[in-house]
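Let me begin by presenting the structure, written as structure tokens, before commenting on it.
Residue numbers (the working numbering), protein chains in the order written: chain G, 5 to 500; chain R, 16 to 510.
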């Protein structure tokens, strides 16, 4: 290990940090007396440029010598740059770029540069969670995400509900971090290793005490279950999504989920594969998964606030994704990563459109507020239809293939697959029925957008060009990955 | 390749028309007609190519890798069964446009959804890969919601939601069965032909999975007791959509039952045939009896669809050559006749009387004799009078039922009763609609004669009903070789 290596390995992050300080510094000094819009524009521009340069850095790393496909040996796995981790880091950067574009027109208060600074910090945290294969590094990075997001959630500090949501998120998040840390400490105690590769090796050798691993696995599921909003650890999600600024809610639903699932499969997967308590763990996961799907989908049925509805739907989606984890094999992990990518694209797009409309209304939009949107904003309506139908899992959009892939990975993992009546078939049946339930509320929103005629509130909305570009890119991803998922699937499978 | 043109033309048409501003109404409907006619043309071209081509059961096969991770391929091809349904779909597409000629509300969106739906339907009939088939099957679900919810009438959002949820639940159940086929075969493929050739499913597996698949697809075929989406959906839908729903979409379900459930799981089919037979009889009799007591003209046709789909299911349950032929013919026959009935009731009569309540029609026979005669012809065709396609198909189904050794005698007796009930409700409703007077309802209003578009639509559909009725060989010649592999599988399974 040398400092130059370290420098090149963290170059993209360094660029982003530099950009963040530039944005903060300019905002405090030169733009101090300008009006809010100008400051927001400047800060957003600087942050975007920093992210773009950081992205260029990631691409350089991908092409250059930093990238390895070998097992990580340097720095005890604290920063591991494989094509996969770099790819996901790039994805997180791109999503953050979109989030910043969507956040630009609607800064909640006068602390403009801090707003974008916190978004950048959480992005860095996600990048580090993805590249870390070491318990300590991963935990610190995860806390970096969480702390930034707590702050962002409470950003409308003039409004009680926003502060309440922030505190709620913070309190439950703190407890869940404690659970996670407790579980990780047992994992360390059982395997005597911090590096994921060494942990996996120790697990494989079968020397780790099984009872320790059970506690470790429980802690990890509870801790990360909170981050991914799986029931019964989801209670923060509806309030937080509803009261946080829209781009922040979108960011919690996408970026932090990608990072959490990325680490969940690396930590929990090996434990599940080699534990002698495998059946117990599987039962626990099945329960979490079913409860998430049922509570999420049933909870979403009667919501009138769209953000709250999407919060419940994200609980349900966490349940679907956990089905992939049950397989405890590589195909299942590939399907999970694939699903997080497409889920993030669709969710971010849907949130962005809701944000645009909220911004126009000056308040939280209810489903009724979208009535007749097709008339004034046909393009937005079309894009929204694509995102929502993908979430609902309608082919040829990517949400369908993603879900099916999760299900098939779970069933395919079973040793005696011909025995139709054993194993996961009934779980898949529950998941399929629940996605039929979900169609009801998704279609209800689409009905407001595309069917209803009367329209008292909305007028044609001028969407900013970067915002529009972001939405179109997301829509193309959602459609394209549905029509041709093979490229991404192969990429993930090749380097996982 | 010509076969796939039907899908391409439809989706392309949907995309292009969707982006034309709504005020160019004339351009849009002409373009829609062009799209429908050209996809129909492609389907007819397939027919002639199939007649002239060699002896392979599946022709024009395109086989491309798609998603190797789950063994899904882009594999399409046609046999006689699919060609007959492609032609039916194209035909209904044309007539649907003709009967929507006066549509003024958001015509661009209407035809975008309309052709997205039709493209999905074409795709299902072409797919030789179960994953691809399912993708098209679901593509056909969502547009139905919007067509009914936006352009429908009455309790339209309720009906649309009910229809979509039923369809989606059906497809979810079917998907579970498809996943089971994928893993149960041990081949890790969705390829229909490979599964048929080398599937080797155990008897226990077949017995368990067959009902899953059959119910899943059967929901869309209007199978009792999952038929309730059909009448409400058909009634609330605008005419073109009712025609498509009754004419084509219900056939998607029947096609899935035949091609996937019976074709791949013959032992399961044999095991469950008596139950399916009973359900089919309930469909026939129950649909006919409910139609008899309806006061709304469109509900009469809606329940008659349920009744007629019972003949398709009964034909499927016979599992013999004549019966399956009858089921395939009945799919085609009910497709055109059901669509014709919906067209006359939903557009031709309704646009003049502005009511569909039978007790408010006043002396229609005198006031719109031409229209009434067309309806009476269609009603006779629906009853299965010789000379019309319904006769040929129902006769095949009945003979097949007679030969089906597993059926109890009561199935045959009740089917006969169902036919009598069909006669009854058709004649009773014709009487109630056209020959009664109800002076309260604008007795002096003069009704306009049929427009050119309406004449064309009715004419085309009647023509096909008569052509198949007089010369069924037109269809049987392509259906016979296509049913052979399924019958062969059944024969092997019976041993």
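A virtual CB, placed ideally from N, CA and C, is assigned to each residue, including glycine.
query: residue 54 of chain R to residue 494 of chain R, Cα distance in whole Å?
result: The residue given as residue 54 of chain R occupies position 39 in the second chain. The residue given as residue 494 of chain R occupies position 479 in the second chain. About 21 Å.
- request: Can you check DSSP and say which residues form a bridge with residue 370 of chain G?
  value: Here residue 370 of chain G refers to the residue found at position 366 when the first chain is read from its first residue. G:309, per the DSSP bridge assignment.
- prompt: Along chain R, which residues have their Cβ under 8 Å away from the Cβ of residue 409 of chain G?
  reply: As a first step, residue 409 of chain G must be located in the first chain, where it is residue number 405. Within chain R, the C-beta atoms nearer than 8 Å to that of residue 409 of chain G come from 84, 85, in chain order.
query: Pick from R:46, R:40, R:65: whose alpha carbon is nearest that of residue 2 of chain R?
result: Shown here, chain R extends from 16 to 510; a query on residue 2 of chain R therefore has no answer.
message: Do residue 169 of chain G and residue 248 of chain G count as a contact pair if the criterion is CB distance below 9 Å?
response: What you label residue 248 of chain G is simply residue 244 of the first chain in a count that begins at 1. What you label residue 169 of chain G is simply residue 165 of the first chain in a count that begins at 1. Less than 9 Å separates the beta-carbon of residue 248 of chain G from that of residue 169 of chain G.
field: Coarse secondary structure for residue 92 of chain R, derived from DSSP in three states
entry: Position 77 of the second chain, counted from the first residue, corresponds to residue 92 of chain R. Residue 92 of chain R falls in the strand class under three-state DSSP.
field: Unbroken alpha helix (DSSP H) run spanning residue 350 of chain G, endpoints
entry: Your numbering for residue 350 of chain G matches position 346 in the first chain. From DSSP, the alpha helix (DSSP H) with residue 350 of chain G extends over 334-365.
message: Tell me the DSSP secondary structure of residue 506 of chain R in three-state form.
response: Residue numbering aside, residue 506 of chain R sits at position 491 when the second chain is read from its first letter. Residue state, collapsed to three classes: helix.
task: Could you name the residues of chain R that residue 3 of chain G contacts, counting a contact when the two beta carbons are closer than 8 Å?
output: Outside the shown range of chain G (5 to 500) lies residue 3 of chain G, about which nothing can therefore be said.
message: Please state whether the Cβ-Cβ distance between residue 355 of chain R and residue 480 of chain R is less than 9 Å.
response: Position 340 of the second chain, counted from the start, is the residue given in the question as residue 355 of chain R. Position 465 of the second chain, counted from the start, is the residue given in the question as residue 480 of chain R. A contact, by the Cβ cut-off of 9 Å.
task: Would you please state the rounded distance, in angstroms, between the beta carbons of residue 313 of chain R and residue 350 of chain R? I believe it to be under 8 Å.
output: Looking up residue 313 of chain R in the second chain gives position 298. Looking up residue 350 of chain R in the second chain gives position 335. Not really, about 18 Å apart at Cβ, beyond 8 Å.
query: Which residue from R:269, R:198, R:257 puts its Cα closest to that of residue 417 of chain G?
result: Translated into positions along the first chain, residue 417 of chain G becomes position 413. Nearest C-alpha to residue 417 of chain G: R:198.
- prompt: Since residue 78 of chain R is in the alpha helix (DSSP H), which residue starts that stretch and which ends it?
  reply: Taking the second chain and counting its residues from 1, one reaches residue 78 of chain R at position 63. Premise fails: residue 78 of chain R lies in the beta strand (DSSP E), 74-82, not in any alpha helix (DSSP H).
message: Within a Cβ cutoff of 8 Å, which residues of the same chain sit near residue 385 of chain G, ignoring the five residues on either side of it in sequence?
response: In the first chain, the residue the question calls residue 385 of chain G occupies position 381. Cβ neighbours of residue 385 of chain G beyond the five flanking positions: 377, 378, 453, 454.
Beta carbon proximity, residue 156 of chain R to chain G, threshold 9 Å: By 1-based counting over the second chain, the position of residue 156 of chain R is 141. For residue 156 of chain R, the answer is yes, since a Cβ of chain G falls inside 9 Å of its Cβ.
query: Tell me which same chain residues have a C-beta within less than 7 Å of the C-beta of residue 400 of chain G, skipping the five on either side of it?
result: Here the question's residue 400 of chain G lines up with position 396 in the first chain. Taken in chain order, the residues that qualify are 486, 487.
message: For a test of the three-state rule: what should DSSP assign to residue 142 of chain R, helix, strand or coil?
response: To locate residue 142 of chain R, count along the second chain from 1; it is residue 127. If DSSP states are grouped into helix, strand and coil, residue 142 of chain R belongs with the strands.
message: Does any residue of chain A have a CB that is nearer than 9 Å to the CB of residue 340 of chain G?
response: In summary, chain A is missing from the structure at hand, where the protein chains are G and R.
- prompt: Which value, in whole angstroms, describes the spacing of the CA atoms of residue 42 of chain G and residue 118 of chain G?
  reply: Taking the first residue of the first chain as 1, we reach residue 42 of chain G at position 38. Taking the first residue of the first chain as 1, we reach residue 118 of chain G at position 114. Straight-line Cα distance between these residues: approximately 15 Å.
- request: Within 10 angstroms of the Cβ of residue 30 of chain R, are there 16 or more other Cβ atoms? Answer buried if so, exposed if not.
  value: Walking along the second chain from the start, residue 30 of chain R turns up at place 15. Residue 30 of chain R should be labelled exposed.
message: So with CB distances below 7 Å, who are the chain G contacts of residue 183 of chain R?
response: The residue labelled residue 183 of chain R in the question sits at position 168 within the second chain. The contacting residues are 440, 443.
- prompt: Just by C-beta distance, which residues in the region 66-79 of chain R are closer than 8 Å to chain G?
  reply: none
- prompt: Leaving out five residues before and five after residue 24 of chain R in sequence, what residues of the same chain have Cβ atoms less than 7 Å from its Cβ?
  reply: The residue you call residue 24 of chain R lines up with position 9 of the second chain. 50, 53, 54, 57, listed in sequence order.
- request: Using a Cβ-Cβ cut-off of less than 8 Å, give me the residues of the region 205-221 of chain R that come near chain G, in sequence order.
  value: 217, 220
- prompt: In the DSSP assignment, what are the bridge partners of residue 372 of chain R?
  reply: Residue numbering aside, residue 372 of chain R sits at position 357 when the second chain is read from its first letter. Answer is R:311, bridged to residue 372 of chain R.
Residue from R:87, R:502, R:61, R:96 with nearest C-alpha to residue 271 of chain R: Position 256 of the second chain holds residue 271 of chain R. Cα-wise, what sits closest to residue 271 of chain R is R:96.
- prompt: Between residue 79 of chain R and the rest of its own chain, which residues show a CB-CB distance below 6 Å, the 5 nearest in sequence each way excluded?
  reply: The residue given as residue 79 of chain R occupies position 64 in the second chain. The residues are 89.
query: What is the rounded straight-line gap between the Cα of residue 300 of chain R and the Cα of residue 42 of chain R?
result: Locating residue 300 of chain R in the second chain gives position 285, counting from the first residue. Locating residue 42 of chain R in the second chain gives position 27, counting from the first residue. Cα-Cα distance, rounded: 45 Å.
- prompt: In the structure shown, what three-state DSSP assignment does residue 87 of chain R receive?
  reply: As a working note, residue 87 of chain R is residue 72 in the second chain. Note: residue 87 of chain R maps to strand in three-state DSSP.
message: Can you confirm whether residue 344 of chain G, when its beta carbon is compared against all beta carbons of chain R, has any partner nearer than 9 Å?
response: Position 340 of the first chain holds residue 344 of chain G. Judged by the 9 Å Cβ criterion, residue 344 of chain G is not in contact with chain R.
- request: Report the residue from R:393, R:380, R:223, R:245 whose alpha carbon sits nearest the alpha carbon of residue 177 of chain R.
  value: One-based indexing of the second chain puts residue 177 of chain R at position 162. Here the closest residue by C-alpha is R:245.
- request: Measure the Cβ-Cβ separation of residue 348 of chain G and residue 261 of chain G and say whether it is below 9 Å.
  value: Numbered from its first residue, the first chain carries residue 348 of chain G at position 344. Numbered from its first residue, the first chain carries residue 261 of chain G at position 257. Taking 9 Å as the Cβ cut-off, residue 348 of chain G and residue 261 of chain G qualify as a contacting pair.
Stretch-stretch touch, CB-based, cutoff 8 Å, three pairs: the region 154-170 of chain R with the region 240-256 of chain R: The count of Cβ pairs closer than 8 Å, one atom from the region 154-170 of chain R and one from the region 240-256 of chain R, reaches three, so the stretches are in contact.
field: Buried/exposed call for residue 203 of chain R, threshold 16 Cβ in 10 Å
entry: Counting from one through the second chain, the residue named residue 203 of chain R turns up at place 188. Exposed: under 16 other Cβ atoms inside 10 Å.
query: If we cut at 9 Å on Cβ distances, does residue 197 of chain R have a partner in chain G?
result: The residue given as residue 197 of chain R occupies position 182 in the second chain. Interface residue, yes.
message: Taking beta-carbon pairs under 8 Å, can you tell me which members of the region 386-405 of chain G lie near chain R?
response: 393, 398, 399, 400, 404, 405
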